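Student: Chains as they are written, first to last, in the working numbering: chain A, 896 to 1034; chain B, 4 to 558; chain C, 309 to 604; chain D, 193 to 410.
Beta carbons: idealized from backbone N, C-alpha and C, even for Gly.
Computed from a predicted structure; not experimentally measured.
This structure is in structure tokens; I'll ask about it shortly.
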Amino acid sequence: MKVQKATSPNIIAFCCAQSAYQAADAAGFMRLSYPDNIRVIRVPCAGRIDVLHILKAFEKGVDGVLVLGCHEEACRHLLGNIRAKNRVQKAKSLLQEVGIDGRRVEMFTLAPNQGPRFATIASEMTERIKELDSMKPQG
Amino acid sequence: MDKDLKLGIFLCDCGGTLSKDIDFSLIKTKLDKLPDVTFVNIGHGLCLKAAREAMQKDIKDKGIDRVVIAACSPEFCENDFMNVIQAAGLNPYLLSIANIREQCFWAHPDKEKAAQKAIAQIGMAISKARFLEPVEQAEAPVTKEVLVIGGGITGIQTAIELSNLNLKTTLIEKEAALGGKLNRLASLYPIQAIPQELLATKLKQLAERQNIDALTSAELIDISGEVGNFTARIKRGKKELERNFGAIIFTTGYDTKFSNQAYGFELSDIIITPSQLEPMLMSTSEVKEIPGRVCFILDVGDEHSRVSTISALRNALGVRQKFGSEVSILCRNLKVDSATLESFYRDCRSQGVLFIKFDKPPKISNEDGRIRIEVEDILMAGQPISLPCDLLVVEETSVPPRDSDVLSSALNIGLGPQGFYQENNVHLYPTLSNREGIFFAGNCHADLDMMRALTEASNVALNAYQLLSQGKVTVEAERVAIDPGKCRFCLTCIRACPHHAIRDVRVNHEKMVAQIVDLACQGCGICTVVCPAKAIKFKDWSDDQILAELELVEG
Amino acid sequence: MARPFKETLSSEKFIVTAEVGPPKGTALEKTLHDIDLLKDKVDALNVTDNQSSVMRFPSLGTCLLVKERGGEPILQMTCRDRNRMALQSDLLFAYTRGIRNVLCLTGDFITIGDHKEAKAVFDLDSLQLLHTVRTLESGTDLGGNKLDGAVEFCAGATVTPEANPIEPQLIKFEKKVQAGAEFFQTQAIYDLHNFKRFMKHVRGLDKNIKVLAGIVLLASAGMARYMNQYTPGVFVPQALIDEMATAEKGKGVKKGIEIAGRLIWQLREEAICDGVHIMAIGREEVVPDILAASGL
Amino acid sequence: MIIAQRKPLEDIEAMLTGYKKLLVLGCGTCVTICWAGGEKEVAILASQLRLASKKDGNEPLTLEATVERQCEKELVEALKGSVQQVDAVLSTACGAGVQTVAELFPDTPVYPALNTMFVGMPDREGVWLENCRTCGDCFLDRTGGICPIVRCAKGLLNGPCGGTNNGKCEVDPEKDCAWTLIYRRLDQQGRLDLMRKYYPPRNFQAVIRPGKIEALPA
């Protein structure tokens, strides 16, 4: 199916259902506006997010990936968020290897009630990706 | 991915609030054209009873085999809709939800863009739906018996609470008598009772219960098995016994330790710890000479704990009442964290206990068999005070009981930075360990006063009750499952599972492979990711589903 | 002609040896100058073998120069760059050219040097090299074949008194004694308290073991701190670092000479050990000053 | 088990210049367990290669497969169909696996994606340690089960060098000094006499390379 392309850039946010996904909901509750180009994929824990998911996202043509999990020491599964952090680091270096700027992937942590933080992260990441896009050589 | 699917899409405009600016029928028209979409319906409140019944009917009538719901956040509606489609005869996991309320219409004021995003999100949900798989429910039997480790007041109370809930309980205590610290304390806080009398009452209650087996001089050797079906080996004298339990509760409490390194001097006849003072207060006849002035000192090493604050206040009052001595408490800053403790502190003051607060640790010297304390009192603008005293009571720090580390590594349960047991998530699940079916109560994992410890005792008993009361629990069977053919038995998942829910088994008595224990699995998906052979499938968060969602991202 | 080192060892004299480092390349002027300066002031000149795994002019070649100019050379041999065949043939050659002293070392590891990708040989270790010397002396080689003309060497070994833990080091030391090491040269020592304790242990084993304390010239407080942090088995006490720090800018070496001289004086005065081995590391020209400062 | 590590992507790309169709071929045994060349790593490498070539404007075909053991001819043989579809094979196996594929498919170039590092064991998650040099003349009976040939940087047989640094190795302060470990183990077992013995030079030709073992037919 063809869906109309979202306002560029395309950003995928993998959101832990324990925290970040709820923070995204909270942003909606509070009617906080953030760029509509963010596509949320809900996961049970940040520890479910795989380096491969991030790489595949870039294969599909996304411009940026956010990995959003619980604050440190607040993971329902103890170290899921720490694992996610390490995997984001790994993904950054794998992407650098193929010439994609590692700053296109970032991990942030949030609490379920941090709607404003979610909106800020979404906006800042969008700005960051726009800036990186503008630095890309044309043609 | 199944070839011929019958997708049913249910849109909800949330009582018309979402369709104010956007025509949902336009969205419906787009969705209608998609392959495999059998049915698209616009509802005005899918959370209403009538709408649900209609949905069930539609599912049945149209032969829908995958349900996509576009409504509010799955955080609110997922469980409900799972029940709805289950009632319609579908496996509840054949459901995919697009969040078009919180994460679309509520977040994006530009309704056109919000609608575009909604369509994209629905597209992602449809894409995911193609890869959904049923997850079956299964019943797992559980042993309706609980092991409580540690026979102090928390353990005793936990056993009594479990007994009240009709759960057979074995309470083990490594010492020869139950009661732990209650045997050795001179007073209690906040209960105004003689500790030994309170203990006697509790022991009497314990003895009356048919379903509590209290074993003293008993130590845990090891525990095998998983939640619902643990086997504990317990050593009692020369005998060793083996029993099965459905749940295990740690109430091992804490030990105390005086750190002479922090103080820079050793204990003596006139420098003692609270543990040495309490027996003197319990039988004053043993005290040869009544001390004229007694000083308590806190905060020389680390900041004092709740336990040591209470100890200092209780004993200061005890000394004041039993000996009539002059009593001072020297501390950096007394921390009272409840109205009850505040009033206890006021009591101490009104009964003549002096509080001296310092910034710089006091100088303590020995002078002709007496102690001289030199301190700058910050309440008196740092004025130096020279305080002679006959007895100095230093602070003891709480340390984990001696074999905590052995038990924790044997059972794969975590220890926190100070070596006490670490809760699964201290904020959300204060009495849960990282392993299903193993719980903590009392001071083995937190710095608690007695009332708080007793509250935890009843909480934790309810935790165990919830798990065991039916003699069986319903679990999702193989929700996360390891393909034995692909498993290389590299142990990566077994090492990585935060809940120790993966064990090794032999398939057909031949090949060793890892297998997930459904009852212990808490569904985080960490194993799925770490597996280097990609042998682990998380059925309702599979790679296929996640990648299918990505599929729709590009325009 | 210099006195054979073996004779010096059996005399009652307080022994002094100094280290000579061969050049990187073929310009031998400084090395020759150092040899001429020191050959009559010390009992033997000890020539390093690709020291710190840095490729240089060979130890054997430099020993020949020492010999030519009338000095008494000690040939350092490490096991890093040559296998047992090369080591044996070098020993045969050295003997025929009048080199009579050999110091058997394991050698630093390759990666600290300037040929980081080279193969580290280590076919033998220092102890096995000592045995090799003794085997060649008995008229056979390591393959058990009879030699047509044997060798005779005064063979020494090294020890690190400040190694941590010390016990395994002492076990190996004893094995070297049993293998017939005739003298020991130590890693740099600065703390005489520790060194005395080590020597007490050595004397307890065998009163006749000859130990030459390693004296490395300090050039600055920074160098002392660096060695404490990065050179295993070297410990410079804080008091000495502080003392080095009192030196005016550019006068560090002078202070270092003073300290080295004082250490040597005390080692001799209190008869702590049998002699010293001075390692000036590139500043061989100040060795006479050190000797003067020590009263020798 | 054999421990391997992936080569930098840059090196891999340099080998593969000009190929349009590739098979990335994993191995399901040692290199799966050490996270270097199992199905997961094959997927990551293939994804990287696709991303890299997409950036260059190419859209090459990248097939992925993993065999149980790439050093077994019969198991690799089964991949004939896939190999025939591609211009080159990129193997994420150890050197033995790469050579098996090369031998079976002599017409197709085979490239190594990994460096085979050593024989070792997992220490903790994601960390592997070398502890066997495959010297062919096992010495462990004399050293309390700790191999100085591989765990001492210099492979010393008669005790530590002078570089023991608080029980660590002078070559790499992150690593334990093998002889300190051996000393402690033998001391613990009351067997220090083993350390006091002199051990003559090793037989470096215990395995005449290339190694070959012929067992009697079973």
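Figure out for me which residue from Asp389(C), Ala496(C) and Lys559(C) has the closest Cα to the Cα of Pro545(C).
Tutor: Translated into the one-based positions of the third sequence, residue 545(C) becomes position 237. Looking at the Cα atoms, Ala496(C) is the closest of the given residues.
Student: Use the C-beta contact count for Pro277(B): other C-beta atoms within 10 angstroms, 16 or more gives buried, fewer gives exposed.
Tutor: Taking the second sequence and counting its residues from 1, the one referred to as residue 277(B) is at position 274. Buried, because 16 or more other Cβ atoms sit within 10 Å of the Cβ of Pro277(B).
Student: Is the Cβ of Gly332(D) closer than 9 Å to any Cβ of chain A?
Tutor: Residue mapping note: residue 332(D) aligns to position 140 of the fourth sequence, counting from 1. Sequence inspection shows Leu at residue 332(D); the Gly mentioned does not correspond to that position. Not one chain A Cβ lies under 9 Å of Leu332(D).
Student: Compare the C-alpha of Thr326(D) against each of Arg343(D), Gly336(D) and Gln276(D) and name the closest.
Tutor: As a first step, residue 326(D) is located in the fourth sequence; it is residue number 134 there, counting from the start. Measuring from the Cα of Thr326(D), the nearest candidate turns out to be Arg343(D).
Student: Beta-carbon within less than 6 Å of Gly997(A)'s beta-carbon, same chain only, minus the 5 sequence neighbours each way: which residues are those?
Tutor: Working through the first sequence from its first residue, we reach residue 997(A) at position 102. The answer, listed in chain order, is Lys987, Leu990 and Gln991.
Student: What residues in the stretch 535-549 of chain B bring their beta carbon closer than 9 Å to a beta carbon of chain D?
Tutor: Those would be Pro535, Ala536, Lys537 and Ala538, in chain order.
Student: Starting from Pro381(C), trace the alpha helix (DSSP H) in both directions and tell me its first and last residue.
Tutor: By one-based count along the third sequence, residue 381(C) stands at place 73. Per DSSP, Pro381(C) lies in no alpha helix (DSSP H) segment; the continuous beta strand (DSSP E) that holds it begins and ends at Pro381 to Thr386.
Student: Leaving aside the five residues before and after Gly419(B) along the sequence, list all residues of the same chain whose C-beta is less than 7 Å from its C-beta, in chain order.
Tutor: Against the second sequence, residue 419(B) aligns to sequence position 416. Result list for Gly419(B): Gln425, in chain order.
Student: If contact means a Cβ-Cβ distance below 7 Å, which residues of the stretch 222-251 of chain D contact chain A?
Tutor: Ala235, Ile236, Ser239, Gln240, Arg242, Leu243, Ala244 and Lys247
Student: Just grab the DSSP bridge partners of Ala912(A) for me.
Tutor: One-based indexing of the first sequence puts residue 912(A) at position 17. Looking at the DSSP assignment, Ala912(A) forms no beta bridge with any residue, so it has no partner.
Student: Would you please state the rounded distance, in angstroms, between the beta carbons of Thr386(C) and Thr414(C)? I believe it to be under 8 Å.
Tutor: To locate residue 386(C), count along the third sequence from 1; it is residue 78. To locate residue 414(C), count along the third sequence from 1; it is residue 106. Confirmed, about 7 Å.
Student: Buried or exposed for Gly355(B), please, with buried defined as at least 16 other CB atoms from any protein chain shown within 10 angstroms of its CB.
Tutor: Locating residue 355(B) in the second sequence gives position 352, counting from the first residue. Burial call: exposed.
Student: Do Asn94(B) and Ile100(B) have their beta-carbon atoms positioned less than 9 Å apart in this structure?
Tutor: The count along the second sequence starts at 1 and reaches residue 100(B) at position 97. The count along the second sequence starts at 1 and reaches residue 94(B) at position 91. Not in contact: Ile100(B) and Asn94(B) (Cβ atoms no closer than 9 Å).
Student: Taking the Cβ atom as the reference point for each residue, do Ala285(D) and Leu271(D) lie within a distance shorter than 9 Å?
Tutor: For this step, residue 285(D) is matched to residue 93 along the fourth sequence. For this step, residue 271(D) is matched to residue 79 along the fourth sequence. No; because the gap between Cβ atoms is not below 9 Å, this pair is not in contact.
Student: If you measure between the beta carbons of Phe461(C) and Asp582(C), is that distance less than 9 Å?
Tutor: In the third sequence, residue 461(C) corresponds to position 153, counting from 1. In the third sequence, residue 582(C) corresponds to position 274, counting from 1. Not in contact: Phe461(C) and Asp582(C) (Cβ atoms no closer than 9 Å).
Student: Is there a Cβ from chain C that is less than 9 Å from the Cβ of Pro393(D)?
Tutor: Counting from 1 along the fourth sequence, the entry for residue 393(D) is found at position 201. It does; some Cβ of chain C falls within 9 Å.
Student: Could you have a look at Pro282(B) and say whether DSSP puts it in helix, strand or coil?
Tutor: Numbered from 1 along the second sequence, position 279 holds the residue referred to as residue 282(B). In the structure shown, Pro282(B) sits in a helix (DSSP, three-state: H, G or I).
Student: Check the C-beta distance from Leu284(B) over to Ala189(B) and give it rounded, since I have them as a contact under 8 Å.
Tutor: Stepping through the second sequence from its first residue, residue 284(B) is reached at position 281. Stepping through the second sequence from its first residue, residue 189(B) is reached at position 186. Their Cβ separation, rounded to whole angstroms, is 4 Å, which keeps Leu284(B) and Ala189(B) in contact under 8 Å.
Student: Cα separation between Asn263(B) and Leu270(B)?
Tutor: The sequence position of residue 263(B) within the second sequence is 260, counting from 1. The sequence position of residue 270(B) within the second sequence is 267, counting from 1. Looking at the two C-alpha atoms, the distance is approximately 8 Å.
Student: Could you compute how far the alpha carbon of Leu296(D) sits from the alpha carbon of Ser245(D)?
Tutor: For this step, residue 296(D) is matched to residue 104 along the fourth sequence. For this step, residue 245(D) is matched to residue 53 along the fourth sequence. Their Cα atoms are separated by approximately 28 Å.
Student: Taking only three categories from DSSP, how would you classify Thr161(B)?
Tutor: Here residue 161(B) corresponds to residue number 158 of the second sequence, with the count starting at 1. DSSP places Thr161(B) in helix when its eight states are reduced to three.
Student: Could you tell me which residues DSSP pairs with Phe492(C) in its beta bridges?
Tutor: On the third sequence, position 184 is the one that residue 492(C) refers to. Within the DSSP bridge table, the entry for Phe492(C) names Ala465(C) and Val519(C) as partners.
Student: Does Gly289(D) come out as helix, strand or coil in the three-state DSSP assignment?
Tutor: Residue numbering aside, residue 289(D) sits at position 97 when the fourth sequence is read from its first letter. It is helical.
Student: Which residue from Gln124(B), Leu135(B), Asp371(B) and Gln119(B) puts its Cα closest to that of Arg69(B)?
Tutor: Residue numbering aside, residue 69(B) sits at position 66 when the second sequence is read from its first letter. For Arg69(B), the nearest C-alpha among the options comes from Leu135(B).
Student: Using DSSP with H/G/I as helix, E/B as strand and the rest coil, what is Ala339(C)?
Tutor: Here residue 339(C) refers to the residue found at position 31 of the third sequence. Going by the sequence as given, residue 339(C) is Thr instead of Ala. The three-state secondary structure of Thr339(C), taken from DSSP, is helix.
Student: Can you have a look at Pro391(B) and say buried or exposed, based on whether 16 or more other CB atoms are within 10 angstroms of its CB?
Tutor: As a first step, residue 391(B) is located in the second sequence; it is residue number 388 there, counting from the start. Exposure of Pro391(B) is indicated by the presence of fewer than 16 other C-beta atoms within 10 angstroms of its C-beta.
Student: List, in chain order, every chain D residue whose beta-carbon is nearer than 7 Å to that of Gly994(A).
Tutor: To locate residue 994(A), count along the first sequence from 1; it is residue 99. Per Cβ cutoff of 7 Å: Ala244 and Lys247.
Student: In the DSSP assignment, what are the bridge partners of Pro392(D)?
Tutor: For this step, residue 392(D) is matched to residue 200 along the fourth sequence. Under the DSSP definition of a beta bridge, Pro392(D) lacks any partner.
Student: Who are the Cβ neighbours of Asp499(C) in its own chain at under 7 Å, not counting the five residues just before and after it?
Tutor: The residue given as residue 499(C) occupies position 191 in the third sequence. Phe543 and Pro545, listed in sequence order.
Student: Taking the alpha helix (DSSP H) that Gly560(C) falls in, what are its first and last residues?
Tutor: The residue labelled residue 560(C) in the question sits at position 252 within the third sequence. Its alpha helix (DSSP H) spans residues Gly560 to Glu577.
Student: Roughly how many whole angstroms lie between the Cα atoms of Lys184(B) and Val290(B)?
Tutor: Your numbering for residue 184(B) matches position 181 in the second sequence. Your numbering for residue 290(B) matches position 287 in the second sequence. Each residue's alpha carbon lies about 21 Å from the other.
Student: Which chain D residues sit within Cβ distance under 8 Å of Leu950(A)?
Tutor: Your numbering for residue 950(A) matches position 55 in the first sequence. Result: Ile236, Ser239, Gln240 and Leu243.
Student: Mind listing which residues of the stretch 300-325 of chain D have their C-beta closer than 7 Å to chain B's C-betas, in chain order?
Tutor: Glu317
Student: Does the beta carbon of Gly289(D) sit closer than 9 Å to a beta carbon anywhere in chain B?
Tutor: Position 97 of the fourth sequence holds residue 289(D). It does not: the Cβ of Gly289(D) has no partner Cβ on chain B nearer than 9 Å.
Student: Unbroken alpha helix (DSSP H) runs of length 4 or more, entirely within the stretch 214-267 of chain B: which are they?
Tutor: 263-266
Student: How would you list, in chain order, the residues of chain A whose beta-carbon sits under 8 Å from the beta-carbon of Asn466(B)?
Tutor: Looking up residue 466(B) in the second sequence gives position 463. None at all; the shortest Cβ gap to chain A is about 16 Å.
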